[in-house]
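**Student:**
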Amino acid sequence: MRFTQKKTSPAADKLISDVYEPGFSFATDGYTFVSKPGISEEVVKTISRLKEEPDWMLKLRLKAYKHFINSPMPTWGPDLSEIEFDKIHYYLKPTDKLVDSWDQVPDEVKETFERLKVPEAERAVLAGLKAQYDSEVVYGSLGSMLKEQGVVFLSMDEGLKQYPELVKEYFSKLVSFADNKFAALNTAVWSGGSFLYVPKGIEVKLPLQTYFRINSPNAGQFERTLIIVDEGAKVHYIEGCTAPNFSSHSLHAAVVEVFVKKGARCQYTTVQNWYKNVYNLVTKRSRVETEGEMIWTDFNMGSRVTMKYPGFVLAGKGAKGEMLSMALAGKGQHQDTGSKAIHLAPYTTSSIVSKSISKGGGVASYRGLIQVGPEAIESQNTVVCDALLLDDQSRSNTYPVERVYNSQVKLQHEATVSKVGEEQLFYLMSRGIDEVSARKMIVSGFVADLVRKLPLEYAVEMNRLIDMEMEGSVG
Amino acid sequence: MLKIEKLKVKVADKLVVDKVSLELNSGEIVALMGPNGSGKSSLAYTLAGHPHYQVLSGRLALDDRSLNELSPDERSQMGLFLAFQYPVVVEGVRYERFLWEAYQTRFAKAKPRAHKRIDSIIEFHDYLVNLTSQLEVNPKLIERSLNLGFSGGEKKKLEILQLLVLEPRYAVLDETDSGLDIDALQVVAHGVRLAVKKFSLGVLLITHYQRVLDYLKPDRVLIMKSGKIVASGGKELVKRLEKEGYKEL
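Protein chains in written order, with our numbering: chain D, 1 to 475; chain S, 1001 to 1249.
(1) Check whether the region 334-352 of chain D touches the region 360-374 of chain D, taking contact to mean three or more Cβ pairs, one atom from each stretch, closer than 8 angstroms.
(2) Using a 10 Å radius around the Cβ and a threshold of 16 neighbouring Cβ atoms, would you call residue 1037 of chain S buried or exposed?
(3) Helix, strand or coil: how does DSSP classify residue 300 of chain D here?
(4) Which word fits residue 16 of chain D, buried or exposed, when buried means at least 16 other C-beta atoms lie within 10 angstroms of its C-beta?
(5) Within 10 angstroms of the Cβ of residue 57 of chain D, are there 16 or more other Cβ atoms? Answer buried if so, exposed if not.
(6) Quick one, which residues of the region 266-294 of chain D are near chain S if we go by CB-CB under 7 angstroms, in chain order?
(7) With distance defined between alpha-carbon atoms, name the residue in D/441, D/190, D/422, D/405 nearest to residue 47 of chain D.
(8) What is the residue span of the alpha helix (DSSP H) that residue 483 of chain D lies within?
(9) Which residues mark the beginning and the end of the beta strand (DSSP E) in which residue 368 of chain D is found?
(10) Starting from residue 444 of chain D, find everything on chain S with Cβ-Cβ shorter than 9 angstroms and list it in chain order.
(11) Could you spell out the range, first to last residue, of the beta strand (DSSP E) harbouring residue 88 of chain D?
(12) Whole-angstrom Cβ separation of residue 1021 of chain S and residue 1005 of chain S, contact assumed at under 8 angstroms?
(13) Grab the span of the beta strand (DSSP E) containing residue 338 of chain D for me, first residue to last.
(14) From what residue to what residue does the beta strand (DSSP E) around residue 70 of chain D run?
(15) Return helix, strand or coil for residue 479 of chain D, following the three-state DSSP convention.
(16) Counting C-beta neighbours from all protein chains within 10 Å, is the total for residue 1224 of chain S 16 or more, i.e. buried, or is it exposed?
(17) Quick one: which residues of the region 1091-1120 of chain S get their C-beta closer than 8 angstroms to a C-beta of chain D? List them in chain order.
(18) Please check if any C-beta of chain D sits within less than 8 angstroms of the C-beta of residue 1195 of chain S.
(19) Along the region 420-450 of chain D, what residues have a CB closer than 8 angstroms to any CB found in chain S?
(20) Could you check the C-alpha separation between residue 74 of chain D and residue 180 of chain D for me, to the nearest Å?
(21) Check distances from the C-beta atoms of the region 1048-1064 of chain S to those of chain D and list, in chain order, the residues that come in under 7 angstroms.
(22) May I have a chain-ordered list of the beta strand (DSSP E) segments no shorter than 3 residues that lie completely inside the region 188-256 of chain D?
(23) Output the residue ranges of the alpha helix (DSSP H) runs that lie fully inside the region 1087-1123 of chain S and measure 4 residues or longer, sorted by chain position.
(24) Is residue 1036 of chain S helix, strand or coil by DSSP?
(25) Below 8 angstroms on C-beta distance, what does residue 1085 of chain S contact in chain D?
(26) May I ask you to report which of helix, strand or coil DSSP gives residue 1158 of chain S?
(27) Measure from the C-beta of residue 1072 of chain S to each C-beta in chain D and report whether the shortest distance is under 8 angstroms.
(28) Please compile the residues from chain B whose C-beta is within a distance smaller than 7 angstroms of the C-beta of residue 1082 of chain S.
(29) Going straight from the alpha carbon of residue 200 of chain D to that of residue 459 of chain D, what length do you get?
(30) Mind reading off the beta-carbon distance from residue 1009 of chain S to residue 1042 of chain S? Whole number of angstroms is fine, and I expect it under 8 angstroms.
(31) Using alpha carbons as the reference points, say which of D/34, D/392, D/294, D/97 lies closest to residue 89 of chain D.
(32) How should residue 175 of chain D be labelled, buried or exposed, when 16 other C-beta atoms within 10 angstroms of its C-beta is the threshold for buried?
(33) Contact defined as beta carbons within less than 8 angstroms: I believe residue 419 of chain D pairs with residue 389 of chain D. What is the distance between those atoms, to the nearest angstrom?
(34) Taking Cβ-Cβ distances below 8 angstroms as the criterion, which residues of the region 1117-1145 of chain S are in contact with chain D?
(35) Is residue 151 of chain D closer than 8 angstroms to residue 163 of chain D when the C-beta atoms are compared?
(36) Give the C-beta separation of residue 116 of chain D and residue 211 of chain D to the nearest angstrom, bearing in mind that I take them to be a contact with Cβ-Cβ under 8 angstroms.
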């Protein structure tokens, strides 16, 4: 289909790849420690030793390492055969210590985060921030009022040092290393990530954020995040991610565990904008107790492959889970995303809304599991998958699985696939709007209801990123 | 002048417009009638530049500038407007936001003739609200997604609102009267008359029904059948049609 009789420039394709703003990087000469490429028991032990960890953590790491080595690559989903595990640096420590003032952060690291406008966001909209650079969190802040209220917001490493018992009680209890190969890898070599505890009844009004930045070539980033929202507490946690535009592959395999206690609420927002060389294989899960509520808002831009299915185990009566995700798959990219909703208790409800956009031959898949146990009577689940294809080469797949073990449940599944809309384009263009702007308008309209769930500044940024992705996608 | 010369159009290997010639002057209303499938809407889409409609031969021109090679947005910017028979839904795109973008593009260089140029979105909002009240349509619609969940009548009225806002030179109204009740029809006709009066709009009025011609007095009537213009005349032609149908033409 063509609307413009004029020839579009063949540079369009190049434009897409060059438009990635966060593609810069700095040398790693000044790093405190860089592990040699490849993984071994020795690497795992070294990481644990450098971190001066308790013995139980080292044991857990080693068990996980064995599991990683012994488990096969996933036989389903996107192609992962190009990951060269031997070339990855599994631990890259950029600085000596974690500091709480930007002035104490090394210049290049500081410049990186300034160019990504992280300190700016911190001043404007956040109650607390962590900034991770390759393997370590290098900067952290938390509003003094929250500190007084007993909110704990630390890097995972600090968390383990300062609250070893609490960490031991929850760590790896929701996502076992045996869950999947990449959860095992993460457990073996994890470093950085956030540890967040919100005490009973405390409502954290502004969001807390961690920004994950990959800086080195062939980097492996394996952060580990543990969030505990105690009874009646509320929090919104945001993570942002970017990486330089290296031609070699990077590997990002995170594990996130969120415990939402009775009557508590947690919103976990991901604004991911990896460069298209990153394999992003992430396991995220939450456990929601009675009347608690978990909301995942997950925006997946960039990466070569993303496999991510944030889930919730609805363990208490009346627990609620909501998953809102958007994925944009461009040329050479495969976004394999979805959700898992496990209903274990009566009157639990879950809602999954997944929107994907594919262009330039990109593939976006929805993969979902809904499981309703025998106890989970009067439970409800809704799944809505909408896919938007921008051209004939792009693809969208849907793989829904439902397992229901009682008869008193309500499940709904809706899936739509639309092509951008020749008729929509024609309509908008017939009002004088050029093709690129019309496409942008249709795409941002398609995700508008999800973007609205973001704090305003993030919504503006998300719309801008989507607009940039649409530049040069005509033809 | 909007000029169509010996136009032949194909869509999906079917000849839908066959050597049609037509001239439309500023401030003029020309009615184009004909049975279903006679090629009226195809002509409308071709004029607006729909990519499915392939011009085999012939020429389209607006004030002597050829339209043939232009994309739909370029045609619109030159002052051509198509009121859609089935206005398209675009979810998540706010009506007024979309129209504001179209407005700014339309009047980036050109000067509006019937109103003072508006430079702020807030003023623009008030301007639209005022127009919705003239068109007797719920002002809240402009805050909703484009055409999403609108009734047939609401969609058609808002097409006319767009027409009034964008002040085109020539407009094709593709069965804008279809499915309207008598009150809505009067409102729509009033809007079109306003456009003719205020900015000398030239109107190509595609319709099945003689009813609309009571409100919008056409200067000429053309009858299209099997892709060709088979008759042209004045009001008497409509009278004849009413008695004899299209068969005799």
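Every residue, glycine too, gets a C-beta built ideally from N, C-alpha and C. Please read these numbers as outputs of a predicted model, since none were measured by experiment.
**Tutor:** For this structure:
(1) By the Cβ rule, the region 334-352 of chain D counts as touching the region 360-374 of chain D, because three or more pairs are nearer than 8 angstroms.
(2) exposed
(3) Note: residue 300 of chain D maps to strand in three-state DSSP.
(4) Reliability fails at residue 16 of chain D, whose pLDDT of 43 lies under 50, so the model's placement of it is uncertain and no value is given.
(5) buried
(6) none
(7) Looking at the Cα atoms, D/190 is the closest of the given residues.
(8) The displayed coordinates of chain D run from 1 to 475. Any statement about residue 483 of chain D would go beyond what the structure contains.
(9) 363-372
(10) 1092, 1093
(11) Segment: none, residue 88 of chain D is in no beta strand (DSSP E) and carries neither H nor E.
(12) 5 angstroms
(13) 334-343
(14) It is not in any beta strand (DSSP E) - residue 70 of chain D instead sits in the alpha helix (DSSP H) that spans 55-70.
(15) Since the first and last residues shown for chain D are 1 and 475, residue 479 of chain D lies out of range.
(16) Residue 1224 of chain S counts as buried, since no fewer than 16 other beta carbons sit within 10 angstroms of its beta carbon.
(17) 1091, 1092, 1093, 1098, 1099, 1101, 1102, 1105, 1106
(18) By this cut-off, residue 1195 of chain S is not an interface position.
(19) Of all residues in the region 420-450 of chain D, the ones placed with a Cβ closer than 8 angstroms to any Cβ belonging to chain S are 421, 422, 423, 424, 426, 427, 428, 429, 430, 431, 432, 433, 434, 435, 437, 438, 441, 442, 444, 445, 446, 447, 448, 449, in chain order.
(20) 8 angstroms
(21) If the cut-off is 7 angstroms between Cβ atoms, the region 1048-1064 of chain S has 1048, 1050, 1051 near chain D.
(22) 194-198, 208-213, 224-229, 234-242, 250-252
(23) 1095-1106
(24) coil
(25) Neighbours of residue 1085 of chain S on chain D: none; closest Cβ ~12 angstroms, over 8 angstroms.
(26) helix
(27) yes
(28) Here the protein chains are D and S, and chain B is not one of them.
(29) 30 angstroms
(30) 6 angstroms
(31) Of the listed residues, the one whose Cα sits closest to residue 89 of chain D is D/34.
(32) buried
(33) 5 angstroms
(34) 1145
(35) The answer is no: Cβ separation not under 8 angstroms.
(36) 7 angstroms
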